[in-house]
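Undergrad: Residue numbers (this note's numbering), protein chains in the order written: chain A, 86 to 306; chain B, 256 to 541.
Using N, Cα and C, we set each Cβ at its ideal position, and we do this for glycine too.
#1: Name, please, each residue of chain A whose Cβ falls closer than 9 Å to the Cβ of residue 519 of chain B.
#2: Just verifying my parser: in three-state terms, what is the DSSP assignment at residue 275 of chain B?
#3: Is the CB of residue 478 of chain B under 8 Å away from at least one CB in chain A?
#4: In chain A, what lies closer than 9 Å to residue 319 of chain B by C-beta?
#5: Quick check on residue 267 of chain B: does DSSP put it in helix, strand or coil?
#6: Using three-state DSSP, classify residue 525 of chain B as helix, strand or coil.
#7: Which chain B residues sit within Cβ distance under 9 Å of residue 294 of chain A?
#8: Taking the alpha carbon of residue 284 of chain A as the reference point, which residue from A:180, A:215 and A:126 has its own alpha carbon closest?
#9: State the DSSP-derived secondary structure class of residue 298 of chain A, mapped to helix, strand or coil.
#10: Tell me which residue opens and which closes the alpha helix (DSSP H) that residue 470 of chain B is part of.
#11: With a threshold of 8 Å, are at least 3 pairs of Cβ atoms found where one atom belongs to the region 398-406 of chain B and the other to the region 161-172 of chain A?
#12: Indicate whether the contact test is met: 3 or more Cβ pairs, each with one atom in the region 303-310 of chain B and one in the region 522-531 of chain B, closer than 8 Å.
#13: Round the Cβ separation of residue 373 of chain B and residue 104 of chain A to the nearest angstrom and send it over; I've been treating them as touching at under 8 Å.
#14: Under DSSP, the alpha helix (DSSP H) around residue 214 of chain A begins and ends at which residues?
#15: For the structure I just gave you, are there three or more beta carbon pairs, one from the region 257-265 of chain A and one from the region 276-296 of chain A, closer than 8 Å?
#16: Report the option in B:447, B:333 and B:416 whose CA atom is closest to the CA atom of residue 133 of chain A.
#17: Taking the Cβ atom as the reference point for each residue, do residue 507 of chain B and residue 263 of chain B lie within a distance shorter than 8 Å?
#18: Classify residue 266 of chain B: buried if its beta carbon has 16 or more other beta carbons within 10 angstroms, exposed otherwise.
#19: If residue 346 of chain B and residue 389 of chain B are in contact, beta carbons under 8 Å, what's the gap, nearest whole angstrom?
#20: On the DSSP bridge list, what partners appear for residue 288 of chain B?
#21: Does the Cβ-Cβ distance between residue 94 of chain A and residue 128 of chain A come in under 8 Å?
#22: Within 10 angstroms of the Cβ of residue 479 of chain B, are there 16 or more other Cβ atoms? Answer buried if so, exposed if not.
#23: Should residue 387 of chain B and residue 379 of chain B be called a contact, given that it needs their Cβ atoms to be closer than 8 Å?
#24: By DSSP, does residue 266 of chain A sit in helix, in strand, or in coil?
#25: Write down the C-beta distance between residue 199 of chain A and residue 182 of chain A rounded to the nearest angstrom, noting that I regard them as a contact closer than 8 Å.
#26: Can you give the Cα-Cα distance for residue 511 of chain B and residue 227 of chain A, rounded to whole angstroms?
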């Protein structure tokens with residue numbers, strides 16, 4: 086973590102550093118006098134009167150809008166984050182991950198997966214069950230919709246091969262790439278309905294988990 | 256189109272749904288506003304020019320940065336200015352990078368070669384030092400392009416203790432010294448009003464409205480932690496009230512609906528809001 090601020094010579098540079106270096110921003114939120122102690126006098130005096138928490142929210146806002154492409158796939162997840170007033174807090178926390186390991190520019194799927202993993206962990210640690218349920222469901226749908234394999238090929242078994250028991254025994258059963266399987270403590274479709282109508286309560290938790298199999302459809306004439 | 260018409264043209268900011276919208280409503284929009292940065296990322300958007308005039312928007316000049324942007328960036332903007340035949344370049348009164356000289360031993364990893372590349376426009380501190388730097392930058396940039404630069408009011412999401420001027424005064428003083436125009440974003444004005452704590456309809460008269468060449472309209476998002484820009488929802492009533500107020504004093508050449516953050520933005524809302532803006536214009540010219 087680099088938190089020294091000796092190089093900073095203008096308010097714009099300080100703000101830019103805060104918005105591109107989440108570790109620095111967090112440290113200046115926590116211990117502004119210490120972190121800014123080596124900054125030039127004029128900048129330091131002004132900077133100590135800045136509302137760094139507001140800048141942290143702004144950082145979350147920037148991160149959120151840099152992920153606008155998510156929402157066409159995760160509309161209800163977004164609605165939940167918005168409704169609960171958590172959007173900027175969540176994305177401010179995610180900004181460190183967003184900026185830490187650049188992904189190849191064009192690899193949007195990898196970016197979406199990375200955000201999904203973060204949101205899942207956030208929902209779990211914050212006990213946001215409704216968010217977790219809706220996110221899991223929308224992620225399954227997104228994964229299937231973005232599957233680009235040849236469905237026709239997947240539907241048909243490849244040529245039958247005669248295989249000895251020993252080699253057959255070593256095979257590991259896998260779900261086809263156009264199938265997703267997930268279990269839920271509550272009905273995700275009911276959760277989706279509640280979240281879409283603006284409610285933040287979770288549907289009744291089932292005694293037995295609900296298992297859903299998502300299968301990408303194939304249109305046949 | 257831009258010289259001949261006495262009423263403002265009405266356009267929309269580019270988004271993935273806009274070509275489909277133009278197919279469905281060929282006469283609804285007078286132009287499409289396209290960010291320079293999008294042309295760099297996806298030059299195929301330029302195909303739109305065969306169908307509709309283009310207005311160039313930009314963030315990359317970063318006029319409020321401590322230093323000028325690179326010559327390479329200027330040349331790219333020059334290139335797209337010529338190709339698009341844009342009547343002006345709309346640029347934010349903001350910085351997006353800072354600070355080229357201070358890259359030192361720890362250049363930002365996110366954007367190699369562009370230290371502290373924020374990826375979003377941020378309003379500068381509004382004081383005498385910023386004023387003189389921005390005027391210097393704007394005068395230089397103005398000499399580099401064949402069309403005028405319009406400066407757009409940025410939304411204020413936090414206050415600088417070092418600011419000594421309101422945004423209205425700051426922009427007036429910049430335009431007193433520079434051959435530029437005003438791009439007034441009404442959503443940004445409303446956001447700033449709520450953040451700083453002033454009445455937008457009182458403050459608006461302090462902006463140099465006689466220099467306004469373009470107006471931006473978009474949605475805003477009221478959340479527990481503040482008011483935020485939102486280009487994926489419809490502009491609220493307050494924005495139209497402000498538009499009405501501005502058009503009584505200003506004669507902009509263009510009014511742009513910025514509904515460009517969602518590829519699923521409903522066509523019918525864009526269509527209705529274009530019609531609404533034309534109705535506001537008509538009501539004031541009759």
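TA: Taking the definition as stated:
#1: Working through the second chain from its first residue, we reach residue 519 of chain B at position 264. Correct list: 156, 157 and 160.
#2: Start at 1 with the first residue of the second chain, and residue 275 of chain B comes out as number 20. DSSP places residue 275 of chain B in helix when its eight states are reduced to three.
#3: As a first step, residue 478 of chain B is located in the second chain; it is residue number 223 there, counting from the start. Yes, residue 478 of chain B lies at the interface with chain A (some Cβ there is under 8 Å from its Cβ).
#4: For the purposes of this step, residue 319 of chain B is taken as residue 64 along the second chain, with counting starting at 1. Under the 9 Å cutoff, chain A gives 97.
#5: Locating residue 267 of chain B in the second chain gives position 12, counting from the first residue. Three-state DSSP puts residue 267 of chain B in a strand.
#6: Sequence index remark: in the second chain, residue 525 of chain B carries index 270 (1-based). Here residue 525 of chain B sits in helix by DSSP.
#7: As a position in the first chain, residue 294 of chain A is number 209, starting the count at 1. In chain order: nothing, as chain B lies at least about 32 Å away.
#8: The count along the first chain starts at 1 and reaches residue 284 of chain A at position 199. Answer by Cα proximity: A:215.
#9: In the first chain, the residue the question calls residue 298 of chain A occupies position 213. Residue 298 of chain A falls in the strand class under three-state DSSP.
#10: Reading the second chain from its first residue, position 215 is the one you call residue 470 of chain B. Careful: residue 470 of chain B lies outside any alpha helix (DSSP H), inside the beta strand (DSSP E) at 467-472.
#11: no
#12: no
#13: In the second chain, counting from the first residue as 1, residue 373 of chain B sits at position 118. In the first chain, counting from the first residue as 1, residue 104 of chain A sits at position 19. Correct: roughly 5 Å between the Cβ atoms.
#14: Here the question's residue 214 of chain A lines up with position 129 in the first chain. Unbroken alpha helix (DSSP H) run through residue 214 of chain A: 214-230.
#15: no
#16: For the purposes of this step, residue 133 of chain A is identified with residue 48 of the first chain, where counting begins at 1. Checked all of B:447, B:333 and B:416; the closest Cα to residue 133 of chain A is B:416.
#17: Here residue 507 of chain B refers to the residue found at position 252 of the second chain. Here residue 263 of chain B refers to the residue found at position 8 of the second chain. Yes, Cβ-Cβ distance for residue 507 of chain B and residue 263 of chain B is below 8 Å.
#18: Residue numbering aside, residue 266 of chain B sits at position 11 when the second chain is read from its first letter. Residue 266 of chain B is buried by the Cβ-count criterion.
#19: In the second chain, counting from the first residue as 1, residue 346 of chain B sits at position 91. In the second chain, counting from the first residue as 1, residue 389 of chain B sits at position 134. In fact, because the Cβ distance is near 11 Å, the residues do not count as touching under 8 Å.
#20: As a position in the second chain, residue 288 of chain B is number 33, starting the count at 1. Paired residue(s): B:268 and B:310.
#21: The count along the first chain starts at 1 and reaches residue 94 of chain A at position 9. The count along the first chain starts at 1 and reaches residue 128 of chain A at position 43. Contact: yes.
#22: For the purposes of this step, residue 479 of chain B is taken as residue 224 along the second chain, with counting starting at 1. Residue 479 of chain B comes out exposed.
#23: Residue numbering aside, residue 387 of chain B sits at position 132 when the second chain is read from its first letter. Residue numbering aside, residue 379 of chain B sits at position 124 when the second chain is read from its first letter. Their beta carbons are not under 8 Å apart, which means residue 387 of chain B does not touch residue 379 of chain B by this criterion.
#24: If you number the first chain from 1, residue 266 of chain A lands on position 181. Correct three-state label for residue 266 of chain A: strand.
#25: Translated into positions along the first chain, residue 199 of chain A becomes position 114. Translated into positions along the first chain, residue 182 of chain A becomes position 97. Between residue 182 of chain A and residue 199 of chain A the Cβ distance is about 7 Å, and since that is below 8 Å, they are a contact.
#26: Here residue 511 of chain B is taken as the residue at index 256 of the second chain, counted from 1. Here residue 227 of chain A is taken as the residue at index 142 of the first chain, counted from 1. Going by the C-alpha atoms only, they are around 33 Å apart.
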